[in-house]
Every structure is written in structure tokens, then in C-alpha cells.
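As C-alpha cells, the structure follows; a few thoughts come after it.
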Amino acid sequence: MHPKANIVAIGIAVGAVSALIVVAYTFWAYFFGYGIEAEILFNGLFPGFSLTPAGAVIGGIWAFSLGYLFSALAAWIYNQLNRKG
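Add 47 to the 1-based position in the sequence shown for my numbering, that's all there is to it.
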């Protein structure tokens, strides 16, 4: 039997890393002028996102939320597939 996945812990970990990546990328692009193509992509994924400090916060919130949601869902599915029958 496989160990049970901690849904909340996985969700927080993946959400936090996702948010950190988006915020770090946004500030990198904001200060160094890179990433116009990625801004177009992120605008489609995260309503309200822009290459500004406020956009970084909005993008970070969206990234955390989506990272948490989908990784928690994946962990829940994992637990359902590996439960004792």
C-alpha cells in the first residue's frame, strides 16, 4: 500500500512555488524589460495580470490559487486510486 498524500500540504507547496515563479518572473521582466510574449500568455491565464508590481501581486494570487487547486485535486485523485479496496 502506498502512503496517503497530504492534500493540503501538497496544495500549499505547489501553490507557493507557482506564485513565487510568477512574481519573480514579473519583477525580472519589469526591471529588465524582458518577457512581452509571456505577458500576453499570462494575461490570458490570469485576469488583471500586467508587468507591474500590482500585476505581480495579482498574478501571484492567481498562480497560488490555480497551483493549489490542481495539485490538491491531483493528490486527492492519487489517494482515491491507492486506497485499500
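Quick reminder that beta carbons are idealized off the backbone N, C-alpha and C, glycines included.
Residue i versus residue j - alpha carbon distance
{"i": "Tyr81", "j": "Gly102", "result": "15 Å"}
{"i": "Leu92", "j": "Asn129", "result": "32 Å"}
{"i": "Tyr77", "j": "Val64", "result": "20 Å"}
Close-in-space but distant-in-sequence residues of the same chain around residue i (CB under 7 Å, 5 per side omitted)
{"i": "Ile57", "result": "Ser118, Ala119, Ala122"}
{"i": "His49", "result": "Asn129"}
For residue i, the three-state DSSP class (helix, strand or coil)
{"i": "Thr73", "result": "helix"}
{"i": "Ala52", "result": "coil"}
Cutoff 6 Å; reference residue i; Cβ partners in own chain excluding five residues on either side
{"i": "Ala66", "result": "Gly107, Ala110, Phe111"}
{"i": "Gly95", "result": "Ile105"}
{"i": "Gly62", "result": "Phe111, Gly114, Tyr115"}
| Length-filtered (3 minimum) beta strand (DSSP E) runs lying within the region 62-128 | With a minimum length of 3 residues, no continuous beta strand (DSSP E) run stays inside the region 62-128.
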